[in-house]
Structures are given as structure tokens and as C-alpha cells.
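Peer 1: Residue numbers for the sequence shown follow the numbering used here, so the first one is 96 and each next one is one higher.
For each residue, glycine too, the CB sits at the ideal point set by N, CA and C.
Please read all numbers here as calculations on a predicted model, not as lab measurements.
Got a structure for you, written out below as C-alpha cells; questions coming shortly.
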Amino acid sequence: MSEIYDIGYRHYDGPRLGRSHTALALGVHSLRGVFGLGRPARSKIMPFSLAAVMMLPVVVSIAMMALAQQRLGDYSGYAVVMQAVIAIFLASQSPTVVAPDLRHRVLPLYLSRPVTIAEYVGAKVAAMTVAMFLLVAVPLTVMFVGDLLVDMPGSPPTGQYLGAVAMAAVLSVLLSTVGLALAALTPRRGLGVASVITVYLLSTGAAPMIFAALYSTGHDAAAAWAWLINPFWLVDAVQAGLFGTTEHIPEGSYPGGPVPALIVLALIAAAVAVLSARYRKAASQ
Numbered sequence: 096m097s098e099i100y101d102i103g104y105r106h107y108d109g110p111r112l113g114r115s116h117t118a119l120a121l122g123v124h125s126l127r128g129v130f131g132l133g134r135p136a137r138s139k140i141m142p143f144s145l146a147a148v149m150m151l152p153v154v155v156s157i158a159m160m161a162l163a164q165q166r167l168g169d170y171s172g173y174a175v176v177m178q179a180v181i182a183i184f185l186a187s188q189s190p191t192v193v194a195p196d197l198r199h200r201v202l203p204l205y206l207s208r209p210v211t212i213a214e215y216v217g218a219k220v221a222a223m224t225v226a227m228f229l230l231v232a233v234p235l236t237v238m239f240v241g242d243l244l245v246d247m248p249g250s251p252p253t254g255q256y257l258g259a260v261a262m263a264a265v266l267s268v269l270l271s272t273v274g275l276a277l278a279a280l281t282p283r284r285g286l287g288v289a290s291v292i293t294v295y296l297l298s299t300g301a302a303p304m305i306f307a308a309l310y311s312t313g314h315d316a317a318a319a320w321a322w323l324i325n326p327f328w329l330v331d332a333v334q335a336g337l338f339g340t341t342e343h344i345p346e347g348s349y350p351g352g353p354v355p356a357l358i359v360l361a362l363i364a365a366a367v368a369v370l371s372a373r374y375r376k377a378a379s380q
């Protein structure tokens, strides 16, 4: 004969906020994890140190503007100039978003509630995108506010600032999706960091080498496409095409037309597909 024991569990009788609130809570939790909030102090060292490094050139630029009374900052090229810092942030923090759930195999627990793979992936991508956007957009905003406070002659560069922020959003989506897709291929955080930084270094090193090889053999048109291997120069090409900003490559010029923008969209779609397939496989195990 069986017996029923009351072990003290209380029934939840509060409001049920639905799946959207669940996805939002997952995204906020992941965003906090990127910056080490709610985690030990050592988890905060890397993200906040890199954020401080991103701010340093802005502070120097504002001080020099006040002394020289001329604009020295380049809004459109800031992400390109600081790409090494941004890449390190992406490599170090993207595994913290995806690796723990894969390593501890808790994905079936998440999906036992009314949360789909698309919502789970969307929350993770959104969290990393917001973190990357804050890393780039906050220094740009401080630079713009400093420009206004210094009160330089002429009209403020509002268009340049808004264009740079818009491209920071595009760059954040591209880097976040690709970075998370690479990091999710392994449940080990160290391997995830290595995979992201290796892809960045290869793309950064290969672009000028391929350009030089093609340019030296007279294939000037084909050489221009080599710069698009690097995601920062790829988004810079989109920015130059949309807003007519200065190109920030060592030599030559970007190919014109809508192709760079289409490449960005294709890379984002491919990265999201890889990330979704990886989580479907993990959920089935």
C-alpha cells in the first residue's frame, strides 16, 4: 500500500508571465554573466578591464580636443582601430554565455519549460549583442558628449556619431553570432576562447597577405575583396558604402555595391543556423 507524504513544497499561485518573460530572464541572466555580475570578483576583471581600455583613447582624445581646439576623434573608424580589444572581449566572454549549459548538460532542463530552441538561441545572441554594443557604443557616446562639452567651432558631428553607432550595432550582431557559434562547438571554455581568437587572428593576418599577393600580380579588382575576410573591415566597407565615410584599410579600397552588406547578412544567418543546430543536437542527448 502506497502513502503520500507532505514534504513542505508550496504551490506557486503568483502571476504566470509567459514565454516572453522566460526568454527575457534568460537573456538578462546571460548578459549579467558576460560582465561577471553575480559571480566571483575574478570574473569581473577581464570584461571591465577591456571596457576601461576601450575608454582610454576617448579620454585622451577629449583632452587633446580641449587643448588643440580641433576635432581629433574618428567615429567611423573607432571599432576598426580598437578591433584587437573587441576581439579579445568576444573571445573571452562568448564562452561564458554558451559553455556552462553545454558542459553541465542542462539544456533539456531549460527546454522542459515552454521555451523553444529559437527563443533560447535568441536570448543568448541578444545578450552577447547588447554586451558587444555597449563595449563599442559607450566610448563613441562619451566621445560625442565630450565634443559637445568642449564646444568646438562648427556644427557637431551628429551624423557621423549616429552612423558609427548604427554600424556598431551591425558589428555587434555579426561578432556575437559568429563568436557564439564558434564557442558553442565545444563545452570547454578554454577551447572556446582559443577557437574565437584563432579565427580572428587568421582573418586579420590572411587579409593583407591575400591582398598583397593579388595586387602584386595585377589583379587589383580581386585584391579588394581580400579585406572583407576580416569582420571589422567588412562592416567598415558597409559603413563606407552607406555613409561615405573614410575607409580604414592599410591600402587600396573596398569593392563597391551592396555585396559587403549581403555578406554580413549571410554570415549572420549561417552563424545562427550553426548555433541552432548545435543546441538541437545538445538537447537531444
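Between which two residues does the alpha helix (DSSP H) carrying residue 127 extend?
Peer 2: Locating residue 127 in the sequence shown gives position 32, counting from the first residue. First-last of the alpha helix (DSSP H) with residue 127: 114-129.
Peer 1: Looking only at its own chain, which residues have a Cβ that is under 6 Å from the Cβ of residue 304, when we skip the five neighbours before and after it?
Peer 2: Residue mapping note: residue 304 aligns to position 209 of the sequence shown, counting from 1. Around residue 304: no qualifying Cβ.
Peer 1: With the cut-off set at 8 Å, would you say residue 231 and residue 150 are in Cβ contact?
Peer 2: The residue given as residue 231 occupies position 136 in the sequence shown. The residue given as residue 150 occupies position 55 in the sequence shown. Going by C-beta atoms, residue 231 is not nearer than 8 Å to residue 150.
Peer 1: Can you check whether the CB of residue 322 is closer than 8 Å to the CB of residue 295?
Peer 2: For the purposes of this step, residue 295 is taken as the residue at position 200 of the sequence shown. For the purposes of this step, residue 322 is taken as the residue at position 227 of the sequence shown. No, the Cβ-Cβ distance between residue 295 and residue 322 is not below 8 Å.
Peer 1: For residue 201, name the three-state secondary structure that DSSP assigns.
Peer 2: Working through the sequence shown from its first residue, we reach residue 201 at position 106. DSSP places residue 201 in coil when its eight states are reduced to three.
Peer 1: Near residue 358, which residues of its chain fall below 7 Å by C-beta distance, leaving aside the five closest residues on each side in sequence?
Peer 2: The residue you call residue 358 lines up with position 263 of the sequence shown. Here the set comprises 323, 329.
Peer 1: With the cut-off set at 8 Å, would you say residue 277 and residue 298 are in Cβ contact?
Peer 2: What you label residue 277 is simply residue 182 of the sequence shown in a count that begins at 1. What you label residue 298 is simply residue 203 of the sequence shown in a count that begins at 1. No.
Peer 1: Could you check what DSSP says for residue 349 in three-state terms: helix, strand or coil?
Peer 2: Residue 349 sits at position 254 when you count from the first residue of the sequence shown. Of the three classes helix, strand and coil, the one that applies to residue 349 here is coil, per DSSP.
Peer 1: Within the region 293-328, note down every full alpha helix (DSSP H) run reaching 4 residues or more, in order along the chain.
Peer 2: Entirely contained in the region 293-328, the alpha helix (DSSP H) runs reaching 4 residues are, in chain order, 315-319.
Peer 1: Using the three-state DSSP reduction, which class does residue 363 fall into: helix, strand or coil?
Peer 2: Your numbering for residue 363 matches position 268 in the sequence shown. Three-state result, residue 363: helix.
Peer 1: Which residue from 215, 371, 170, 341 puts its Cα closest to that of residue 242?
Peer 2: In the sequence shown, residue 242 corresponds to position 147, counting from 1. Measuring from the Cα of residue 242, the nearest candidate turns out to be 170.
Peer 1: Indicate the three-state DSSP secondary structure (helix, strand or coil) for residue 138 in the structure shown.
Peer 2: Counting from one through the sequence shown, the residue named residue 138 turns up at place 43. Residue 138: helix per DSSP, three-state reduction.
Peer 1: Rounding to the nearest angstrom, what Cα-Cα distance links residue 180 and residue 109 in this structure?
Peer 2: Here the question's residue 180 lines up with position 85 in the sequence shown. Here the question's residue 109 lines up with position 14 in the sequence shown. Taking the straight line from one Cα to the other gives about 45 Å.
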